[in-house]
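*Asks:*
Written as structure tokens, this is what we have:
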């Protein structure tokens, strides 16, 4: 199960990368970032997985606990990622007001 | 003084300023000034308090979050508080106290900066980096009225998020390999991880920090952000924000990457050299004065990365010394050019004629800062470049050393363009003339700082301090011992 | 460090600066400009007496910087060319010093490890205008204010040579070849110029070739001869540049084709010119003649070098003859109107100081050298001198001042264009395409991971 | 949980990711992203991280999706209207 999980995480990360690099729509860029982040989060959570383990939540029922540190890690990363996405979307709205487009190739006033 | 106060004070400011705005609008200005003084003083007191290790919540360092003060931390805490104070004063004059949101972001980034500098925990570093970055994206785009600011902020955001992802992957891998996040413990156990894992960890962390600091493959956001932001923000970006990422690079390079024999330092030397050359060559072609300064910042980042890549105590000393010199000079350059560009209502160098008659003191300060950055002999920029050259020579890094001296010639070339423009004839009288007493005072102080820094190698305590930073930083075992006791 | 070389050069700096400062006193645009020669003197002293290469380089750079401001007051482009070339030389020297300091202590001004020798020679070559690195010299000398040209040609380039004197302790064939090429190049170019100060600039190059060839012998004798020639050349060339500057001041042109009968208008100026040029051309019993004799004696083992240098000496004579004939003696060519402007008394004073220094140097040199050495080659030297003048008179077509000759300055513009092509490529890289940036970044990430592979 | 079920979920996750990436219509892409978030939450549960799953479901599928929808609807208007509200 773990190899599948790791493999999926990497594939999802690569899909996100591909989205960022190939799509011209700003929304797609943000979606790509989300996907990449999802891949990384999956990677981290999988690392805390113990076959047959029990989540380290209170009240603890006994058995072998999984490592809770990656989970808190992931939680923080999710929140931070959401903040990044929200900020990016706010920027997109502003950009759309200025440029009248969300085409990434047309948003290149700063160059050289 | 407890190190955590250096983080708490600016956070307190960030959280109470909105309250002041809601309940006592008139007090916002006073609060901003008071909190600024408070934050700077706390950071300086923490720095002056000498070496200390505090673990939050009374846990063991393995579990709790450690805050570590050592000589490198001290140096960067001082740098950050100087830079933030200067920028805050300039911002207070430029913006007034109306835009309280700006000050919230400002103090947020200050808190995160102090956090990055103080923390001894890898994941905590990432969290602070994210707070810092989110605040930075927003202050770059502040006020979001010009299209340049928005575009620059957006590009910075996308790049910064990608960089944060790489940092996250690196930290996650390090954690997966060792089960530890405390940097001191990691420094002990990470070398035992498999070689391939180690490469991935180091690669991801280095690449992430490259983006945050503006080293070459990730430098694309930097000129946009520096040139589009408001003047105090540009000064802050160049003076402090970039340095903080370089601090993280120094810390991680010697604590975690030192074990990966010379490869990581070779990578730093290589990309530092590329950054240096590209920054100088691009600055050479700019017509916009702030963009010129921004690309010059790219080049100076390259210089500091080369200094780190020398992998010796001399190299770290040169890096820290150069970081200070660049902070003093580049903040001054941005502030002066902001004032002059406002007078001309244009950032085009060709339009800058006759400004020497108009504001002689500002232009003279510009000349001093430019000479310092370019490395004209008796000034501070030359001193740190000389330290760097000796360190590079000892490392046998000939090409980076040659690039550094070649860069000196180039930077003299491109800084002379605005300077000759200032002294040249004016086509028209400058349309604006707003007095800038506070900015003028800050510029004067920064110029004084430049001169003091030029004398630093001759002042005993300062010289000893700089050398101690190099010695302590390179000696990872000492850090580990102190944190784990 | 005190030895005959630095003592002599310290004194020479003062002797050069005082007249130059006096000459420029009235012409200075502001009080700050009056300060520049003295600053130059200060920095030059520090550089000459520097204990180690680092201090030497620093003060060399600072002295170049003062001269840069001098040139800047007259011509911006040339000033930048000068500054960049000097900074490039300083950069090479700085790099070399850093590499030599690898063991700990700063390297003393003297011989360096053999691996660093080329780097130092290139660095000093920018200062001393070795062939290929001399591109800045003709434009700078011709376009600078006269007093700055005097300092440049008389002293600033000599500081580079001073570095070479300290550096070279063993015979260096490459450096000697460079000196010979310099001497020949300068002697070929000088008589073909139409700009009076450019002519003097190329003559400077030729004389520097003599000095460098003498230094390259690596012997004590060679260094002494070079030192004598440095003094002789500095005084003579300082005076010549001031006379050329006075001509420009009086007639508003440096073009030899347009200058008038200055010998009639200013007989005294012509006299001063003759004093300087006869010494420079190597008239026996003058300091210049004695110095050239000493150089040739030091090069006794190098017959070919000696022959080329003799021929180059004839070129110098021809160049000076050209300047005398077109600048002072020709009549009726001048297209200006009215009387020439009078020269300020300070200018006369400064030139008189130079001439006096030259005469005193001649006496001193005669005294130390002794009659035997002084009379050794009188016949050959006089014959060469007279032969050159006869050649000049017999071949008027070659030396006509309306000719244009190929010049090193012609190469600067194409070289600049060549350099801009990669620059614009680099600029196009920053196209503003976010996806392109990210693609570059991910590519670089792969490179980093590849470099870090176990 | 059987490996087969997990494999199915993983494959489905990849498919939704591809849909989010490739959909021409922005609304479909956003909805696919939302589904992606829900699937991630389920996978987190299987990976013994119910706390993470909860957060993921709320933030990624709920909050982020709604933000996307708001931003998308904002950009459907004519873009060049002057910036009315001042951010000061």
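Protein chains in written order, with this note's numbering: chain A, 1 to 112; chain B, 1001 to 1485; chain C, 2001 to 2454; chain D, 3001 to 3088. The beta-carbon is built from N, C-alpha and C at its ideal position, and this holds for glycine as well. Remember, predicted model here, so these are calculated numbers, not experimental data.
What separation, rounded to the nearest whole angstrom, lies between the Cα atoms of residue 1418(B) and residue 2423(C)?
*Replies:* Rounded to whole angstroms, residue 1418(B) to residue 2423(C) spans 20 Å at the Cα level.
*Asks:* When DSSP labels each residue in this structure, what does residue 2217(C) get in the three-state scheme?
*Replies:* Coil at residue 2217(C), not helix or strand.
*Asks:* Mind reading off the beta-carbon distance from residue 63(A) to residue 39(A)? Whole number of angstroms is fine, and I expect it under 8 Å.
*Replies:* Contact doesn't hold; Cβ gap of about 29 Å is too wide.
*Asks:* Around the Cβ of residue 3086(D), are there at least 16 other Cβ atoms within 10 angstroms (buried) or fewer (exposed)?
*Replies:* Reliability fails at residue 3086(D), whose pLDDT of 40 lies under 50, so the model's placement of it is uncertain and the value that follows must be treated cautiously. Exposed, because fewer than 16 other Cβ atoms sit within 10 Å of the Cβ of residue 3086(D).
*Asks:* Name, going along the chain, the residues of the segment 14 to 40 of chain A whose beta-carbon falls closer than 7 Å to a beta-carbon of chain B.
*Replies:* Residues 29, 33, 36, 37 and 40.
*Asks:* Quick check on DSSP: helix, strand or coil for residue 3080(D)?
*Replies:* The predicted model places residue 3080(D) with a pLDDT of 49, which falls under 50 and marks its position as unreliable; any figure quoted below should be read in that light. Looking at residue 3080(D) - three-state DSSP - the assignment turns out to be coil, as it is neither helix nor strand.
*Asks:* Just list the alpha helix (DSSP H) runs in the segment 1215 to 1240 of chain B, keeping only unbroken ones of 4 residues or longer that don't cross its boundaries, in chain order.
*Replies:* Taking only runs of at least 4 residues, the alpha helix (DSSP H) segments lying wholly in the segment 1215 to 1240 of chain B are 1221 to 1228 and 1231 to 1236.
*Asks:* Mind checking residue 1037(B): buried by the 16 CB within 10 Å criterion, or exposed?
*Replies:* The residue is exposed, with fewer than 16 neighbouring Cβ atoms inside 10 Å.
*Asks:* By the criterion of Cβ-Cβ separation under 9 Å, what are the contact partners of residue 2316(C) in chain B?
*Replies:* The contacting residues do not exist; residue 2316(C) stays about 33 Å from chain B at best.
*Asks:* Where does residue 2367(C) land, buried or exposed, given buried means 16+ other C-beta within 10 angstroms?
*Replies:* By the 10 Å Cβ count, residue 2367(C) comes out exposed.
*Asks:* Extract the residue ranges of the beta strand (DSSP E) inside the segment 1112 to 1140 of chain B, only unbroken runs of 3 or more that lie entirely within it.
*Replies:* If we require 3 residues or more, the segment 1112 to 1140 of chain B turns out to have no beta strand (DSSP E) run fully inside it.
*Asks:* Report, in whole angstroms, the separation of the C-beta atoms of residue 2351(C) and residue 2151(C), which I expect to be a contact under 8 Å.
*Replies:* Wrong, their Cβ atoms sit about 15 Å apart, outside the cutoff.
*Asks:* Please return the same chain residues whose Cβ sits closer than 7 Å to the Cβ of residue 3083(D), not counting the five positions on each side in sequence.
*Replies:* Note that residue 3083(D) has pLDDT 49, beneath the 50 cutoff, so the model's placement of it is unreliable and no number is given.
*Asks:* In its own chain, which residues sit with a C-beta less than 6 Å from the C-beta of residue 2341(C), not counting the 5 before and 5 after it?
*Replies:* So the list reads 2250, once near-sequence residues are dropped.
*Asks:* Tell me whether residue 1136(B), by its Cβ, gets closer than 6 Å to a heavy atom of the ligand COA.
*Replies:* By its list of ligands, the structure shown contains no ligand whatsoever, and the ligand COA lies outside what it can speak to.
*Asks:* Leaving aside the five residues before and after residue 1009(B) along the sequence, list all residues of the same chain whose C-beta is less than 6 Å from its C-beta, in chain order.
*Replies:* Excluding residues within five positions, the ones whose Cβ falls inside 6 Å are 1038, 1039 and 1042.
*Asks:* Could you check the C-alpha separation between residue 2191(C) and residue 2149(C) for me, to the nearest Å?
*Replies:* Distance between the alpha carbons of residue 2191(C) and residue 2149(C): 19 Å.
*Asks:* Kindly list the residues whose CB is nearer than 8 Å to the CB of residue 79(A), restricted to its own chain and excluding five residues on each side of it in sequence; keep chain order.
*Replies:* So no residue of the chain qualifies.
*Asks:* Report the rounded CA-to-CA distance for residue 3064(D) versus residue 85(A), giving the unit in angstroms.
*Replies:* Approximately 7 Å between the Cα atoms of the pair.
*Asks:* Using only the alpha-carbon positions, how far apart do residue 111(A) and residue 1219(B) sit?
*Replies:* If I take the Cα positions, the gap works out to 13 Å.
*Asks:* Could you tell me whether any Cβ in chain E is nearer than 7 Å to the Cβ of residue 2432(C)?
*Replies:* Protein chains in the displayed structure are A, B, C and D, and chain E is not among them.
*Asks:* Mapping the DSSP letters down to three states, classify residue 1348(B) as helix, strand or coil.
*Replies:* DSSP places residue 1348(B) in strand when its eight states are reduced to three.
*Asks:* Quick check on residue 3051(D): does DSSP put it in helix, strand or coil?
*Replies:* Of the three classes helix, strand and coil, the one that applies to residue 3051(D) here is helix, per DSSP.
*Asks:* Could you tell me the boundaries of the alpha helix (DSSP H) in which residue 1267(B) lies?
*Replies:* Looking at the DSSP string, the run of the alpha helix (DSSP H) that includes residue 1267(B) is 1263 to 1284.
*Asks:* Evaluate the contact criterion for the segment 1467 to 1475 of chain B versus the segment 1065 to 1083 of chain B: three or more CB pairs, one atom per stretch, below 8 Å.
*Replies:* Yes, since at least three Cβ pairs between the segment 1467 to 1475 of chain B and the segment 1065 to 1083 of chain B fall closer than 8 Å, the two stretches touch.
*Asks:* Is the CB of residue 2435(C) under 7 Å away from at least one CB in chain A?
*Replies:* Cβ-Cβ to chain A under 7 Å: yes for residue 2435(C).
*Asks:* Where in the segment 1390 to 1462 of chain B do unbroken runs of the alpha helix (DSSP H), each at least 4 residues long, occur, reported from the N-terminal end onward?
*Replies:* Counting whole runs of 4 or more residues, the segment 1390 to 1462 of chain B contains the alpha helix (DSSP H) stretches 1398 to 1423 and 1437 to 1455.
*Asks:* Compile a chain-ordered list of the residues in the segment 3052 to 3069 of chain D whose CB is closer than 8 Å to at least one CB of chain A.
*Replies:* Answer set for the segment 3052 to 3069 of chain D: 3052, 3055, 3056, 3059, 3060, 3063, 3064, 3067 and 3068.
*Asks:* Beta carbon of residue 2097(C), beta carbon of residue 2045(C): below 7 Å?
*Replies:* Taking 7 Å as the Cβ cut-off, residue 2097(C) and residue 2045(C) do not qualify as a contacting pair.
*Asks:* From 1101(B), 1081(B) and 1076(B), pick the residue whose C-alpha is nearest to that of residue 1028(B); which is it?
*Replies:* Among 1101(B), 1081(B) and 1076(B), the Cα nearest to that of residue 1028(B) belongs to 1101(B).
*Asks:* Please report whether the beta-carbon of residue 10(A) lies at a distance below 7 Å from any beta-carbon of chain B.
*Replies:* With 7 Å as the cut-off, residue 10(A) does not count as an interface residue toward chain B.
*Asks:* Pull up the DSSP beta-bridge partners for residue 1055(B), would you.
*Replies:* DSSP output for residue 1055(B) lists 1066(B) as bridge partner(s).
*Asks:* May I have the straight-line CA-CA distance separating residue 70(A) from residue 1300(B), to the nearest angstrom?
*Replies:* Rounded to whole angstroms, residue 70(A) to residue 1300(B) spans 37 Å at the Cα level.
*Asks:* In three-state terms, what does DSSP make of residue 2052(C)?
*Replies:* Correct three-state label for residue 2052(C): strand.
*Asks:* Could you work out which residues of chain B lie near residue 2448(C), taking near to mean beta carbons separated by less than 7 Å?
*Replies:* Result: 1203, 1206, 1207 and 1267.
*Asks:* Going by the CB atoms, is the gap between residue 1450(B) and residue 1380(B) shorter than 7 Å?
*Replies:* Cβ distance < 7 Å, so residue 1380(B) and residue 1450(B) count as in contact.
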